[in-house]
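In the working numbering, the protein residues as written are 3 to 235. Backbone N, C-alpha and C define an ideal beta-carbon position, used for all residues, glycine too. Here is the structure we will look at.
In structure tokens:
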């Protein structure tokens, strides 16, 4: 095996190793993203639920507050009625006392709902931070997953190229090229030899015509000289 093949065998081995090393992280990252999305879904549901509890607690707090104020107003009206003589003082005191007891109970209920609302708001804030963090992590891991997949594609392409190149025997290829070059040189030499033969070889008819042509030219030259002599030229 030539050095060319050995080098690409090494490259192919490294590419295969890289692909193998990247496959598990990709699977782990994909599973991690699925888990994070499930956690995000649960966190969003919990956030919506906690916010609904906070809204209800605030509504109940305001309702208790209004009842407490109403009972206090009724106690005042009872005392005024007793003062004006519409009802007896004893009856007014009895009913006003009951109204004030109801007011105290309403205020106690109001404070309890207020504490619940504060607690639910705090839980909602924590869940909002959790939801935001989960969303950011999902985006981060999805970007990392795309990067890992791109690296795998590059590694796979490199592996395929190295595989093809490693199958090429450089020594035999160069030997075939040299043989082809020698064959072409030989064919060109033969063609040149045939071309020289074609210009040098003459047929019998060509040689006869050339000989006769030269003779005829010599006779014509003599006749022209004789004519010039007669004319004193």
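Query: For residue 132, the three-state DSSP class (helix, strand or coil); Result: helix
Query: Residues near residue 105 by beta carbon distance below 6 Å, same chain, minus five either side; Result: 70, 73, 74
Query: Local conformation of residue 90 per DSSP, three classes; Result: coil
Query: Burial state of residue 233 (16 or more Cβ within 10 Å); Result: exposed
Query: 8 Å Cβ cutoff met for residue 35 and residue 143; Result: yes
Query: Touch test, the region 91-103 against the region 55-69, Cβ-Cβ under 8 Å, three pairs minimum; Result: no
Query: Residues near residue 38 by beta carbon distance below 8 Å, same chain, minus five either side; Result: 136, 139, 140, 143
Query: Secondary structure, beta strand (DSSP E): runs of 3+ residues fully inside the region 30-117; Result: none
Query: Burial state of residue 80 (16 or more Cβ within 10 Å); Result: buried
Query: Alpha-carbon spacing of residue 98 relative to residue 113, whole angstroms; Result: 22 Å
Query: Residues near residue 52 by beta carbon distance below 7 Å, same chain, minus five either side; Result: 122, 125, 126, 129
Query: Chain-order list of residues whose beta-carbon lies under 7 Å from that of residue 240 (same chain, five-residue window excluded); Result: As displayed, the chain neither begins before 3 nor continues past 235, which places residue 240 out of reach and without an answer.
Query: C-alpha gap between residue 118 and residue 133, whole angstroms; Result: 22 Å
Query: Inter-residue spacing [alpha-carbon to alpha-carbon] between residue 41 and residue 156; Result: 33 Å
Query: Residue 229 in three-state terms, based on DSSP; Result: helix
Query: Cβ-based burial, residue 230 [other Cβ within 10 Å; buried from 16]; Result: exposed
Query: Burial state of residue 182 (16 or more Cβ within 10 Å); Result: exposed
Query: 8 Å contact criterion, which residue 94 and residue 84 should meet: CB distance rounded; Result: 3 Å
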